[in-house]
Amino acid sequence: GGREANQVSDDYRYQDGNYDAPNDGYYRGGDEPTQEEDAQSDVTEGHDEDDEVYEGEYQGIPHPDDLKEKQKKRAPAVADEYRDRADLMAERMEDEEQLAHQYENIIEECGHGRFQWTLFFVLGLALMADGVEVFVVGFVLPSAEKDMCLSSSNKGMLGLIVYLGMMVGAVLLGGLADKLGRKQCLIISLAINAAFAFLSSFVQGYGFFLFCRLISGLGIGGTLPIVFAYFSEFLSREKRGEHLSWLCMFWMIGGIYASAMAWSIIPHYGWGFSMGTKYHFHSWRVFVLVCSLPCIASLVALKFMPESPRFLLEIGKHDEAWMILKQVHDTNMRAKGEPERVFTVSYIKTPKQVDEFIEIQSSTGTWYQRWLVRITTTLKQVWDNVLYCLTAQYRINTLMLAVVWFTMALSYYGLIVWFPDMIRYLQDEAYDSRVKIFDEEEVSHFTFNFTLENQIHRNGEYRNDKFIGMKFKEVKFEDSLFEDCYFEDVTSSETFFENCTIISTVFYNTDLYEHKFINCRLINSTFMKEKEGCHIDFEEDNDFLIYLVSFLGSLSVLPGNIISALLMDKIGRIKMIGGSMLISAVCCFFLFFGNSESAMIGWQCLFCGASIAAWNALDVITVELYPTDKRATAFGILNGLCKFGAILGNSIFSSFVGITKVVPILLASSALVGGGLLALRLPETREQVLM
Numbered sequence: 001g002g003r004e005a006n007q008v009s010d011d012y013r014y015q016d017g018n019y020d021a022p023n024d025g026y027y028r029g030g031d032e033p034t035q036e037e038d039a040q041s042d043v044t045e046g047h048d049e050d051d052e053v054y055e056g057e058y059q060g061i062p063h064p065d066d067l068k069e070k071q072k073k074r075a076p077a078v079a080d081e082y083r084d085r086a087d088l089m090a091e092r093m094e095d096e097e098q099l100a101h102q103y104e105n106i107i108e109e110c111g112h113g114r115f116q117w118t119l120f121f122v123l124g125l126a127l128m129a130d131g132v133e134v135f136v137v138g139f140v141l142p143s144a145e146k147d148m149c150l151s152s153s154n155k156g157m158l159g160l161i162v163y164l165g166m167m168v169g170a171v172l173l174g175g176l177a178d179k180l181g182r183k184q185c186l187i188i189s190l191a192i193n194a195a196f197a198f199l200s201s202f203v204q205g206y207g208f209f210l211f212c213r214l215i216s217g218l219g220i221g222g223t224l225p226i227v228f229a230y231f232s233e234f235l236s237r238e239k240r241g242e243h244l245s246w247l248c249m250f251w252m253i254g255g256i257y258a259s260a261m262a263w264s265i266i267p268h269y270g271w272g273f274s275m276g277t278k279y280h281f282h283s284w285r286v287f288v289l290v291c292s293l294p295c296i297a298s299l300v301a302l303k304f305m306p307e308s309p310r311f312l313l314e315i316g317k318h319d320e321a322w323m324i325l326k327q328v329h330d331t332n333m334r335a336k337g338e339p340e341r342v343f344t345v346s347y348i349k350t351p352k353q354v355d356e357f358i359e360i361q362s363s364t365g366t367w368y369q370r371w372l373v374r375i376t377t378t379l380k381q382v383w384d385n386v387l388y389c390l391t392a393q394y395r396i397n398t399l400m401l402a403v404v405w406f407t408m409a410l411s412y413y414g415l416i417v418w419f420p421d422m423i424r425y426l427q428d429e430a431y432d433s434r435v436k437i438f439d440e441e442e443v444s445h446f447t448f449n450f451t452l453e454n455q456i457h458r459n460g461e462y463r464n465d466k467f468i469g470m471k472f473k474e475v476k477f478e479d480s481l482f483e484d485c486y487f488e489d490v491t492s493s494e495t496f497f498e499n500c501t502i503i504s505t506v507f508y509n510t511d512l513y514e515h516k517f518i519n520c521r522l523i524n525s526t527f528m529k530e531k532e533g534c535h536i537d538f539e540e541d542n543d544f545l546i547y548l549v550s551f552l553g554s555l556s557v558l559p560g561n562i563i564s565a566l567l568m569d570k571i572g573r574i575k576m577i578g579g580s581m582l583i584s585a586v587c588c589f590f591l592f593f594g595n596s597e598s599a600m601i602g603w604q605c606l607f608c609g610a611s612i613a614a615w616n617a618l619d620v621i622t623v624e625l626y627p628t629d630k631r632a633t634a635f636g637i638l639n640g641l642c643k644f645g646a647i648l649g650n651s652i653f654s655s656f657v658g659i660t661k662v663v664p665i666l667l668a669s670s671a672l673v674g675g676g677l678l679a680l681r682l683p684e685t686r687e688q689v690l691m
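Numbering (full-length UniProt numbering), first residue to last: 1 to 691.
Now the structure itself:
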C-alpha cells in the first residue's frame, strides 16, 4: 500500500506553479532530456546564469528583476503613506497592547535578581545626587552670604534658582528621554550637573555662582523623571511598586549625606586655601565639591548599564532589545546558579512606527544647519508628546495628578523651609531676650581688645579710648559720644551707630562702613584702609542646629519609606497617596503647639515621616499611568510643576516667619486635604502592565 502511494505522488509534477497529473498511471519518458538539450548542456557546462551580464547594464538600464524587487519593497510603504494616520495610530496602539503583555511575560521569565539590583544602586546614586542638590544651597547660604557679601534679596534668589533650574530640566530632559533614550539622556543630565556643580565651587563672583547653580539644577532636574521611567521598565508587575519605593530611599540618603558633610566640613575654616587677596577657597566650597561625588559616581557606573529594552522596542530596534533582555536573563540565571537555563524568547512584537524622522545627508547645507534641523525636529516631537498628555485619553488623569503633585509640593517644600526659619526665629527671640543694656556709661583712656556681643549702649561717652583687634556682634550704640578714639582691626556683625557724635576719631583697617552710621555726626574723623570683602566667623555664625534639623528631617522618613515599600503592592497606590496626605494634614495642625525648638523639630520629623509615603506612591502611579513613549515626558511635566509649587511654597511660607503661624499652617493643611481627597479619584494601577 505504501509503494502504491509513493507511485501516485511521483506521478505529479510541479510545472509553472501548477500541479499537473498525467492521464494514465505510467511514467512519461518525455521528461528525459533530448539530444539537442544535451548538446546545449555541454556547451554551457560551468556557466552560472547568476554571473551573466545583463546587456542593458552598460547602458544604465536597470534589470527587470531588480525593478520587481524594488516594487515589492516599496509597496507596503506606499500603502502606509496613503492610509489614514488614525488607522496607523490605531494599529500602533493594538501593537503596543500586545507588546505590553508579551513584555510582562518576558520580564517574568528574566526574573528579578543581580541585574536589577545592580541597576538599583546605579540609579540610586543618581537619585541621591538629586536629594543632595536640594540641600546644598541651604547649607552654604550662611557662609556664602558673607563670603560673597550677599544682600537679603540675593540670598533669596540663590535659594530659589536651583528649583527654577530643576523645573526647566525636568520638562526638557524628561521629554528628550522619550525620544533619545533613557540612558543617553540620564548621562547628559548627570554630566551637566557634575560639570557645573564642580565649577560652582571655584567661582568667586555672585553672578557666576548663581548661573552655575542654575545650570546644575537644570541638569539634576532631569534625573527624577528618567530614573523612575528607566528602572520601572526592568521590573515585573509584582515587583514594581515595592522596588520603586525602595529606590526612593536614596533621596533620603542624599539628604543625610548632605547634612553629614555640611556638619563635618563647613565649620572647619582651615579646610581651604587662598591665592592672594582676591581668591579664597573656604571650607563651604569644599563642601560643594564633595556634594558632586554621588553624581560623578553614578555617571561612571551608568556607562556599564544597557539602554531600556522597552524603549528600544518602542522605536523598532528589536534585535538590540532582544540582546539586552537576554543579557538580563543570563545575568540573573547565573547569579541563581542556573546558567543552563535558556532564554526562550525568539521574537518580540514591535509597534508600528508612525513618526517621521528627518535624515539629513552630510553634503546638505553646513554643519550648524544640519544640527539646527535635527534639534528643532526633536524639540517639535517633544512638544507633541507634551500636548499628547493633554489629549482626551489622558487629560483627566494628567490634570488630577497635576493638582496632587502641586499641592503636595506647595505644602512639603514650604514647610521644609519654614521649619528651620521658625527655629532660627525662636533662637533670635531667645537671644534678644538676653540683651544687655548699658545707659549713660562713661569710659575714658581704656583699651577694648575683647568681643562685645548682644549689647545696647545708650547715651554713653567714650573719650581717648582704643578699640583694637576686637569684634562687635549684635552691638548697637545709641545717642553716644566718641571723642579722640582709635579703632584698629575691628570686625563687626549686625553692629550700628545711631544718632551718635564722633569727633577726631580714627578708623584704621575696620569694616565699620558708612551704612553702619545712621544719622551720625562725624567731625574731623578719618577712615583709613577699610577692610575689603566680607568676613566670616565660622564658630559663631554657622550654628550646628541647622544641620541637625535637616539631618533629623531626612532620617525621619526612613520608617515611612519602609512601610510604603512593604504595603505599596498590598493596599494600592491610591489609598497610599490619600492616606499619607490626610495624615500629614493632621500633623500640620499640631504645629500650633510648637512654641519651642525641640517641639518644632519633633513635629517636623513627624510631618516628613508621614508625607514620604505619598511621594513614593505618586512616583509609582505616574510611571504606570502613561505609555512608554510618553512616560518620561509626563513625569517631567508633573515634576516640573512640583518644582514650581516648591518655589511658591518657599516664597509664601518664609514671608510669614515672625509674623504669624496661622497662615502657613492653614495653607499647608488645606492643600494636603484637597490633594489627598482628589487623589482618591485617580485610577488604581496596581494590577496593570506597563503600556
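We treat Cβ as the ideally placed atom computed from N, Cα and C, and that holds for glycine.
Per DSSP, cross-strand counterpart(s) of residue i
{"i": "Lys471", "result": "Thr491"}
{"i": "Gln455", "result": "Lys436, Val475"}
{"i": "Ile192", "result": "Answer is none; Ile192 lacks a bridge partner."}
{"i": "Arg334", "result": "In the DSSP output, where bridge partners are listed per residue, Arg334 has none listed."}
{"i": "Thr501", "result": "Leu481, Arg521"}
{"i": "Thr447", "result": "Lys466"}
Residue i, enclosing beta strand (DSSP E) - first and last residue
{"i": "Ile381", "result": "Correcting the residue type first, residue 381 is Gln in the shown sequence and not Ile. First-last for Gln381: 367 to 388, but that is the alpha helix (DSSP H), not the beta strand (DSSP E)."}
{"i": "Glu498", "result": "496 to 498"}
{"i": "Val443", "result": "442 to 444"}
{"i": "Phe311", "result": "Note, Phe311: premise wrong, no beta strand (DSSP E); alpha helix (DSSP H) at 309 to 314."}
{"i": "Glu461", "result": "461 to 463"}
{"i": "Phe507", "result": "506 to 508"}
Nearest to residue i (by Cα), restricted to the options the options
{"i": "Met157", "options": "Asn650, Glu597, Arg573", "result": "Asn650"}
{"i": "Ser298", "options": "Asp439, Tyr412, Val122", "result": "Val122"}
{"i": "Gly254", "options": "Val134, Lys466, Ala100, Leu372", "result": "Val134"}
{"i": "Tyr513", "options": "Thr491, Asn499, Glu242", "result": "Thr491"}
{"i": "Cys608", "options": "Leu555, Lys643, Ala617, Gly572", "result": "Leu555"}
{"i": "Lys349", "options": "Gly241, Met93, His457", "result": "Met93"}
{"i": "Lys326", "options": "Cys110, Glu442, Ser444", "result": "Cys110"}
{"i": "Glu233", "options": "Pro627, Leu180, Leu390, Leu522", "result": "Pro627"}
{"i": "Ile187", "options": "Leu224, Asn499, Ala258, Phe589", "result": "Leu224"}
{"i": "residue 738", "options": "Gly316, Gln455, Lys239, Asp484", "result": "Look at the range of the chain in this structure, 1 to 691, and you will see that residue 738 is not part of it."}
{"i": "Trp603", "options": "Tyr103, Val586, Ala614", "result": "Val586"}
{"i": "Trp251", "options": "Pro267, Phe551, Asp629, Gly674", "result": "Phe551"}
{"i": "Leu302", "options": "Glu338, Phe231, Val342, Lys643", "result": "Phe231"}
{"i": "Phe115", "options": "Phe496, Ala430, Ile324, Met600", "result": "Ile324"}
{"i": "Ile518", "options": "Phe497, Thr505, Ile621", "result": "Phe497"}
{"i": "Tyr204", "options": "Thr660, Ala229, Glu145", "result": "The sequence as given places Gln at residue 204; Tyr does not occur at that position. Of the listed residues, the one whose Cα sits closest to Gln204 is Glu145."}
{"i": "Gly181", "options": "Gly658, Gly674, Pro309, Arg458", "result": "Pro309"}
{"i": "Gly414", "options": "Lys661, Gln102, Gly674, Gly645", "result": "Gly645"}
Environment of residue i [buried if 16+ CB atoms lie within 10 Å]
{"i": "Trp383", "result": "exposed"}
{"i": "Leu312", "result": "buried"}
{"i": "Leu682", "result": "buried"}
{"i": "Ser564", "result": "buried"}
{"i": "Ala262", "result": "buried"}
{"i": "Asp447", "result": "In the sequence as presented, Asp is not what sits at residue 447; that position holds Thr. Thr447 is exposed by the Cβ-count criterion."}
{"i": "Pro33", "result": "In this predicted model, Pro33 has a pLDDT of only 45, less than 50, meaning its place in the structure is not dependable enough to derive any value."}
{"i": "Leu677", "result": "exposed"}
{"i": "Trp405", "result": "buried"}
{"i": "Thr526", "result": "exposed"}
{"i": "Gln40", "result": "Any reading at Gln40 is ruled out, since the residue's pLDDT is 46, under 50, leaving its predicted position unreliable."}
{"i": "Lys336", "result": "exposed"}
{"i": "Leu67", "result": "Residue placement at Leu67 is poorly supported in this model, since its pLDDT is 40, which falls under 50; the coordinates are not used for a value here."}
{"i": "Ser143", "result": "buried"}
{"i": "Phe592", "result": "exposed"}
{"i": "Phe477", "result": "buried"}
{"i": "Lys179", "result": "buried"}
{"i": "Ala424", "result": "Inspection of the sequence shows that residue 424 is occupied by Arg rather than by Ala. Under this definition Arg424 is a buried residue."}
{"i": "Gly578", "result": "buried"}
{"i": "Val347", "result": "Correcting the residue type first, residue 347 is Tyr in the shown sequence and not Val. Answer is exposed; the Cβ neighbour count stays below 16."}
For residue i, the first and last residue of its enclosing alpha helix (DSSP H)
{"i": "Arg237", "result": "237 to 265"}
{"i": "Tyr206", "result": "206 to 221"}
{"i": "Cys291", "result": "Per DSSP, Cys291 belongs to no alpha helix (DSSP H) and is neither H nor E."}
Cutoff 8 Å: residue i Cβ touching any chain D Cβ
{"i": "Glu442", "result": "The question asks about chain D, but that chain is absent: this structure has only one protein chain."}
The ligand MN heavy atom lying under 7 Å from the CB of residue i
{"i": "Leu481", "result": "Among the components modelled here there is no ligand, and therefore nothing to report on the ligand MN."}
Ordered list of alpha helix (DSSP H) runs contained in the region 519 to 588, each at least 4 residues: With a minimum length of 4 residues, the continuous alpha helix (DSSP H) runs that stay inside the region 519 to 588 are 538 to 541, 545 to 555, 557 to 571.
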